[in-house]
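Participant:
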């Protein structure tokens, strides 16, 4: 376990942190755009980029967030529920295809 942690830290130290930040913000922006295309979604993350991080909060009008979290987990898409909303946390290792896959499943559920 300690060896794995040490290797993870070495790997992270080699990354350009500005690139990581930009990547995370770009993916969260993309997630907001894609979720905005889903008619049943309500986005609670600030739309102004100055007030964003790599976390997106939303819900679907017609379904409980906990049910959606469970359904997505069954598809190997890991999100969480916070105060009735769905929390998506993008990171540098995620891709636009990951976001597209999540939104595709959400559209099926809606």
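In this note's numbering, the protein residues as written are 36 to 145. We treat Cβ as the ideally placed atom computed from N, Cα and C, and that holds for glycine.
(1) Mind listing, in chain order, the continuous alpha helix (DSSP H) runs of no fewer than 4 residues lying wholly within the segment 37 to 92?
(2) Can you tell me which of the three DSSP states residue 123 falls into?
(3) When you compare only the Cα positions, how much space is there between residue 66 and residue 82?
(4) Specify the secondary structure class of residue 115 as computed by DSSP and reduced to three states.
(5) Over the uninterrupted alpha helix (DSSP H) stretch that includes residue 140, give me the two end residues.
(6) At a cut of 8 Å, does the segment 76 to 90 reach the segment 122 to 132 through at least three beta carbon pairs?
Facilitator: This is what the structure holds:
(1) 37 to 49 and 52 to 71
(2) Working through the chain shown from its first residue, we reach residue 123 at position 88. DSSP places residue 123 in strand when its eight states are reduced to three.
(3) As a first step, residue 66 must be located in the chain shown, where it is residue number 31. As a first step, residue 82 must be located in the chain shown, where it is residue number 47. Those two C-alpha atoms are separated by around 11 Å.
(4) For this step, residue 115 is matched to residue 80 along the chain shown. Three-state DSSP puts residue 115 in a strand.
(5) As a position in the chain shown, residue 140 is number 105, starting the count at 1. Start and end: 131 to 144.
(6) yes
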